[in-house]
Amino acid sequence: MFREITEGKTRLLVPEKGTFGQTEKGREQRPPVFYNPRMKLNRDVCCSFVRALGNITFADVLAGSGAKGIRVANEAGCTVFLNDANEYAVELIKKNAKLNRVKVDVFNEDANLFLLKHGFDFVDIDPFGTPVPFLDNSILAASKNGYLGITATDTAPLCGVYPKACFRKYGAKPLRSEFCHEVGLRILLGYVARTAAKYERGIKCLLGHSTEHYLRLYVKLSPGKKNADSSLSEMGYVYYCRACLNREYRKETLPTKLMCSCGNPYEIAGPLWLGKIKDSAVLKTVLKESLYLESKSVYELLTKILEEIDAPFYYDVHKVCKLLKVNSPALDDIVNALLGQGYKVSRTHFCPTGIKTDQPLNLPLFFR
């Protein structure tokens, strides 16, 4: 029913696909314990990140097979607490801990009840879908200057496919556009900031990234009304013209009704986070730890993020070229041309054909 794999420097027992029979409708029966091999990069980054923080207490609130928490215990050397409401998951976690000869504390409780009863330096929320139901109690369970690791796999609402669902869950209007993944990440981060502020806590985003089907945040909390207010001052709205692809963003409490310079009304998305989505000093330390863990994929991802400029909202070069009815030049040629004109510019991890720059789109972009 289970097979052994090696992920990072850790051995894991995971459910064997196809060995749990079929449902009445003839579909493959889901295994009793959840393990997603597509989230390996998520776990790789987490292990590197926690190693960079040093000796802390780490809680995997929705542990499943225990892959992330066991890896953190084995590869980052931290004190680890793992929880899952599924009793089968708890048994598999114990087997994986024994397989790797690591000591972890394992709990079989509802996630929110677990969070209300304990406190940790780092709380990791990695649910199937939205992290919203667990966020309040995660903030309360995190130590005074603690950390949150937050995964959201409900990218369709956050990226504008289901705007009503996004408003229900996150209290924000999304934007279905060529830069929707960054908008979704910033909506998620803005929701974290607003939730933390309720408990008079500020946030600092140390790392945010969009990978495959999920969004991921690493956030540092700080206590006090001033820190909470400072975080809320980073909130605002993005204004987007679908006709000419122009966009503006403003840090403000309520949106303003604006028209684009081309004469069309802007579409508005937000409230969302307009501050930085990375801390370069922290990322450099995490990069060193990724080399220790021999994770090439983490190194490539974090190097690209580290090189990104801090300007919010990237441009998709193919989308711009389609609008201008021209062939798309090589991205490196565009980057070099903009640098030669004195603008800041970088490629972005959000999109393989995307760039970030402080040059306004209406100059015209890229083609001087």
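Following my numbering, the numbering of the sequence shown begins with 7 at its first residue and continues without gaps.
Note that the Cβ used here is the ideal one computed from N, Cα and C, for glycine as well.
Query	Result
Using 8 Å as the cut-off, can you tell me whether the region 212-232 makes contact with the region 243-259, which would need three or more C-beta pairs spanning the two stretches below that distance?	no
What does the alpha-carbon distance come out to for the pair Lys257 and Leu181?	17 Å
In its own chain, which residues sit with a C-beta less than 6 Å from the C-beta of Pro139, not counting the 5 before and 5 after it?	none
How many angstroms separate the CA atom of Pro366 from the CA atom of Gly242?	19 Å
Taking 8 Å as the CB-CB cut-off, is Leu122 touching chain B?	Absence of chain B from the displayed structure is noted, only one protein chain being present.
For the alpha helix (DSSP H) containing Tyr305, name the first residue and the last one.	302-313
Residue range of the alpha helix (DSSP H) that Ile62 falls in?	Counting along the chain, Ile62 falls outside any alpha helix (DSSP H), and DSSP gives it neither H nor E.
Could you say which of Gly152, Gly276, Leu164, Pro277 lies nearest to Gly208 if we only look at CA atoms?	Gly152
Where does Tyr41 sit, in a helix, a strand or coil, going by DSSP?	coil
Considering only residues of the same chain and omitting the five flanking positions on each side of Ile2, which have a CB-CB separation below 6 Å?	Nothing about residue 2 can be read from this structure; the chain reaches only from 7 to 374.
Starting from Asp111, trace the beta strand (DSSP E) in both directions and tell me its first and last residue.	111-113
So for Asp90, helix, strand or coil by DSSP?	coil
By how many angstroms is the C-alpha of Pro229 removed from the C-alpha of Lys150?	6 Å
Go to Cys357, then tell me how far its beta strand (DSSP E) extends in each direction, as first and last residue.	357-363
What residue ranges within the region 195-254 form continuous alpha helix (DSSP H) runs of no fewer than 4 residues, ordered along the chain?	231-238
Mind checking whether Thr16 and Asn89 have CB atoms under 8 Å apart?	no
Which first and last residues belong to the beta strand (DSSP E) in which Gly83 is found?	First-last for Gly83: undefined, no H or E at that position.
Let's test the definition: count the other Cβ atoms within 10 Å of the Cβ of Val332 and tell me whether it reaches 16, buried, or not, exposed.	exposed
Residues in the same chain with beta-carbon distance under 8 Å from Cys172, minus the five sequence neighbours each way, listed in chain order, please.	Pro163, Leu164, Gly166, Ala178, Lys179, Pro180, Ile193
When burial is assigned at 16 or more other CB atoms within 10 Å of the CB, is Pro318 buried or exposed?	buried
With distances taken between CB atoms, is the gap from Glu93 to Asn80 smaller than 8 Å?	no
Which residues bound the beta strand (DSSP E) around Phe134?	First-last for Phe134: undefined, no H or E at that position.
Which of the three DSSP states is assigned to Lys263 in this structure?	coil
Are Val323 and Thr359 closer than 8 Å when you measure CB to CB?	yes
Using alpha carbons as the reference points, say which of Leu297, Ala158, Lys282, Ser71 lies closest to Leu98.	Ser71
Using 10 angstroms around the beta-carbon of Asn143, count the other beta-carbons present and answer buried if the total reaches 16, otherwise exposed.	buried
For Ser237 and Thr201, I'd like the C-alpha separation in whole angstroms.	11 Å
Beta strand (DSSP E) containing Arg9: first to last residue?	8-13
Which partner residues of Val20 appear in the DSSP bridge assignment?	Arg9
Taking only the alpha-carbon atoms, compute the straight-line gap between Pro133 and Glu273 and give it to the nearest angstrom.	31 Å
Excluding the five sequence neighbours on either side, which residues of its own chain have a C-beta within less than 7 Å of the C-beta of Gly135, listed in chain order?	Thr159, Asp160
Exposed or buried, what is Ser352 when buried is set at 16 or more other beta-carbons lying within 10 Å of its beta-carbon?	buried
Can you tell me the Cβ-Cβ gap for Val244 and Leu278, rounded? I've got them flagged as a contact below 8 Å.	7 Å
Which same chain residues, not among the five before or five after Tyr41, have their C-beta less than 7 Å away from its C-beta?	Val20, Pro21, Gly70, Ser71, Ala73
If the criterion is Cβ atoms closer than 8 Å, does the pair Arg57 and Glu13 meet it?	no
According to the neighbour-count rule (16 or more other Cβ atoms, all chains shown, within 10 Å of its Cβ), is Asp338 buried or exposed?	exposed
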